[in-house]
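Chemist: The structure is given below, and queries will be raised subsequently.
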Amino acid sequence: MRKAMIAALMLALVPGSAQAMSVAEFLAKANALKARGILAMGSPDIKLLRTEMEGVSTAYHADLDAARKAGRAPHSCPPPKGKAKIGGKELMAEFEAIPAAQRGMSVKSAFYAMMKKRFPC
2 MRKAMIAALM LALVPGSAQA MSVAEFLAKA NALKARGILA MGSPDIKLLR TEMEGVSTAY
62 HADLDAARKA GRAPHSCPPP KGKAKIGGKE LMAEFEAIPA AQRGMSVKSA FYAMMKKRFP
122 C
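According to our numbering, the sequence shown holds residues 2 to 122 in order.
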(Lines of atoms letter the chains of each structure in order from A and count residues from 1; the text may use other names and numbers.)
(Lines give C-alpha, C1' and ligand atoms only; values in the text may rest on other atoms or scores of the structure.)
Protein backbone atom coordinates (compact mmCIF):
# COMPACT_ATOMS: atom_id res chain seq x y z
CA MET A 1 0.00 0.00 0.00
CA ARG A 2 2.79 2.37 0.94
CA LYS A 3 4.64 1.67 -2.33
CA ALA A 4 1.47 2.39 -4.31
CA MET A 5 1.03 5.72 -2.53
CA ILE A 6 4.64 6.67 -3.20
CA ALA A 7 4.29 5.70 -6.86
CA ALA A 8 1.10 7.76 -7.18
CA LEU A 9 2.79 10.74 -5.55
CA MET A 10 5.78 10.44 -7.88
CA LEU A 11 3.48 10.40 -10.91
CA ALA A 12 1.68 13.48 -9.64
CA LEU A 13 4.98 15.31 -9.40
CA VAL A 14 5.99 14.54 -12.99
CA PRO A 15 5.40 17.68 -15.04
CA GLY A 16 2.92 17.37 -17.90
CA SER A 17 5.59 18.19 -20.47
CA ALA A 18 7.43 14.99 -19.54
CA GLN A 19 4.53 13.01 -20.98
CA ALA A 20 4.14 12.89 -24.73
CA MET A 21 1.19 14.92 -26.00
CA SER A 22 -1.12 13.02 -28.33
CA VAL A 23 -2.28 14.40 -31.65
CA ALA A 24 -5.84 14.37 -30.29
CA GLU A 25 -4.81 16.54 -27.32
CA PHE A 26 -2.84 18.86 -29.58
CA LEU A 27 -5.74 19.32 -31.99
CA ALA A 28 -8.24 19.83 -29.17
CA LYS A 29 -6.12 22.56 -27.62
CA ALA A 30 -5.31 24.20 -30.95
CA ASN A 31 -8.94 24.19 -32.10
CA ALA A 32 -10.10 25.57 -28.75
CA LEU A 33 -7.58 28.40 -29.10
CA LYS A 34 -8.67 29.07 -32.67
CA ALA A 35 -12.31 29.26 -31.54
CA ARG A 36 -11.40 31.86 -28.92
CA GLY A 37 -9.86 34.13 -31.54
CA ILE A 38 -7.99 37.12 -30.15
CA LEU A 39 -9.01 36.14 -26.62
CA ALA A 40 -6.69 33.14 -26.88
CA MET A 41 -3.63 35.39 -26.75
CA GLY A 42 -3.45 35.17 -22.96
CA SER A 43 -3.96 31.43 -22.78
CA PRO A 44 -1.14 29.28 -21.36
CA ASP A 45 -2.05 26.66 -23.98
CA ILE A 46 -0.36 28.77 -26.65
CA LYS A 47 2.97 28.39 -24.88
CA LEU A 48 2.25 24.72 -24.21
CA LEU A 49 1.68 23.98 -27.91
CA ARG A 50 4.65 26.08 -28.99
CA THR A 51 6.90 24.35 -26.44
CA GLU A 52 5.64 20.94 -27.59
CA MET A 53 6.50 21.69 -31.22
CA GLU A 54 9.88 23.20 -30.33
CA GLY A 55 10.75 20.06 -28.37
CA VAL A 56 9.63 17.78 -31.19
CA SER A 57 11.58 19.80 -33.76
CA THR A 58 14.71 19.78 -31.60
CA ALA A 59 14.45 16.01 -31.08
CA TYR A 60 13.87 15.49 -34.80
CA HIS A 61 17.01 17.42 -35.78
CA ALA A 62 19.03 15.70 -33.05
CA ASP A 63 17.91 12.29 -34.34
CA LEU A 64 18.91 13.25 -37.90
CA ASP A 65 22.32 14.44 -36.72
CA ALA A 66 22.87 11.31 -34.62
CA ALA A 67 22.01 9.05 -37.55
CA ARG A 68 24.40 10.89 -39.85
CA LYS A 69 27.21 10.82 -37.27
CA ALA A 70 26.66 7.08 -36.75
CA GLY A 71 26.83 6.48 -40.49
CA ARG A 72 23.17 5.44 -40.71
CA ALA A 73 20.70 6.70 -43.26
CA PRO A 74 18.67 9.55 -41.78
CA HIS A 75 14.94 9.16 -41.14
CA SER A 76 14.18 11.79 -43.77
CA CYS A 77 16.11 14.36 -45.77
CA PRO A 78 14.74 17.86 -45.22
CA PRO A 79 16.46 20.98 -46.51
CA PRO A 80 18.89 22.63 -44.07
CA LYS A 81 17.36 23.84 -40.80
CA GLY A 82 15.45 27.06 -41.32
CA LYS A 83 14.91 26.48 -45.06
CA ALA A 84 11.81 24.27 -44.80
CA LYS A 85 9.05 26.44 -43.44
CA ILE A 86 6.02 24.53 -42.24
CA GLY A 87 3.33 26.89 -41.06
CA GLY A 88 0.68 26.30 -38.45
CA LYS A 89 -2.03 25.79 -41.06
CA GLU A 90 0.03 23.13 -42.82
CA LEU A 91 0.80 21.37 -39.55
CA MET A 92 -2.85 21.43 -38.49
CA ALA A 93 -3.92 20.09 -41.90
CA GLU A 94 -1.45 17.21 -41.60
CA PHE A 95 -2.59 16.38 -38.06
CA GLU A 96 -6.28 16.66 -38.98
CA ALA A 97 -5.71 14.26 -41.88
CA ILE A 98 -4.78 11.56 -39.35
CA PRO A 99 -7.80 9.28 -38.84
CA ALA A 100 -9.50 9.79 -35.47
CA ALA A 101 -8.70 6.22 -34.44
CA GLN A 102 -4.96 6.95 -34.80
CA ARG A 103 -4.86 10.33 -33.09
CA GLY A 104 -3.70 8.73 -29.87
CA MET A 105 -0.18 8.71 -31.36
CA SER A 106 2.26 11.25 -30.02
CA VAL A 107 2.80 14.59 -31.69
CA LYS A 108 6.41 13.50 -32.15
CA SER A 109 5.40 10.36 -34.08
CA ALA A 110 3.00 12.34 -36.25
CA PHE A 111 5.61 15.02 -36.95
CA TYR A 112 8.24 12.43 -37.88
CA ALA A 113 5.76 10.72 -40.24
CA MET A 114 4.92 14.07 -41.82
CA MET A 115 8.60 14.88 -42.36
CA LYS A 116 9.28 11.45 -43.85
CA LYS A 117 6.38 11.93 -46.28
CA ARG A 118 7.41 15.48 -47.24
CA PHE A 119 11.16 14.95 -47.39
CA PRO A 120 12.00 11.34 -48.29
CA CYS A 121 15.63 10.47 -48.88
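Where a beta carbon is used, it is the ideal one built from N, C-alpha and C, also for glycine.
From a predicted model like this one, the values you see are computed outputs, not experimental measurements.
Measuring alpha carbon to alpha carbon, tell me which of S58, Y113, D64 ends up nearest E95.
Modeler: Residue Y113 is the option with its Cα nearest to E95.
Chemist: List the endpoints of the continuous alpha helix (DSSP H) containing A62.
Modeler: Strictly speaking, residue 62 in this sequence is His, with Ala absent from that position. Element bounds for H62: 45–70.
Chemist: Between the Cα of K82 and those of R73, E91, M116, E97, spot the shortest distance and give me the residue it belongs to.
Modeler: Among R73, E91, M116, E97, the Cα nearest to that of K82 belongs to M116.
Chemist: Which first and last residues belong to the alpha helix (DSSP H) in which K30 is found?
Modeler: Per DSSP, K30 belongs to the alpha helix (DSSP H) from 24–37.
Chemist: Between the C-alpha atoms of K4 and C78, what's the straight-line distance to the nearest angstrom?
Modeler: For K4, the predicted structure reports a pLDDT of 38, less than 50, and the residue's modelled location is therefore unreliable. The matter cannot be settled from this model.
Chemist: Enumerate in chain order the residues of its own chain whose CB-to-CB distance from L34 is below 7 Å, with the five nearest sequence positions on each side excluded.
Modeler: So the qualifying residues of the chain are A41, S44, D46, I47.
Chemist: So the candidates are A98, S58, G72, L28; which of them puts its Cα closest to the Cα of K86?
Modeler: Closest by alpha carbon: S58.
Chemist: Rounded to whole angstroms, what's the CA-CA distance from Q103 to G89? Just pull it up for me.
Modeler: Those two C-alpha atoms are separated by around 20 Å.
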